[in-house]
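In my numbering, the protein residues as written are 7 to 106.
Worksheet: the structure to be examined is printed underneath.
Structure follows, in structure tokens:
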């Protein structure tokens with residue numbers, strides 16, 4: 007989903023969730039939108055996944071699209087390495103609210 011598509015989606019729909027995803031050991035953030043049907047869409051730019059270097063950059067782009075609330079989800083490989091199920095696959099238990 008491109009930035010202009012995100013803005014149009016936000017204006018036309020009220021039931022969605024925005025997740026800011028970061029991976030352990032990485033300094034980059036990605037943005038994912040989950041719509042009411044459960045479909046997930048990564049934020050892209052010219053067809054490639056959009057990466058942000060700081061949360062402030064994420065906040066700026068989301069605010070431009072009319073979004074003021076998101077959830078931070080951090081992927082940590084520790085659980086997978088020791089044989090446990092990854093807890094980030096359950097976003098309700100692994101997310102931190104962001105309000106900007």
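Glycine residues also receive a C-beta, built at the ideal position from the N, C-alpha and C atoms.
Nearest to residue 21 (by Cα), restricted to the options 40, 8, 13 and 48:
40
In the DSSP assignment, the alpha helix (DSSP H) including residue 68 goes from what residue to what residue?
61–70
Beta bridge counterpart(s) of residue 39 as assigned by DSSP
24 and 47
May I ask which residues mark the beginning and end of the alpha helix (DSSP H) holding residue 12?
9–18
State the DSSP-derived secondary structure class of residue 34, mapped to helix, strand or coil.
coil
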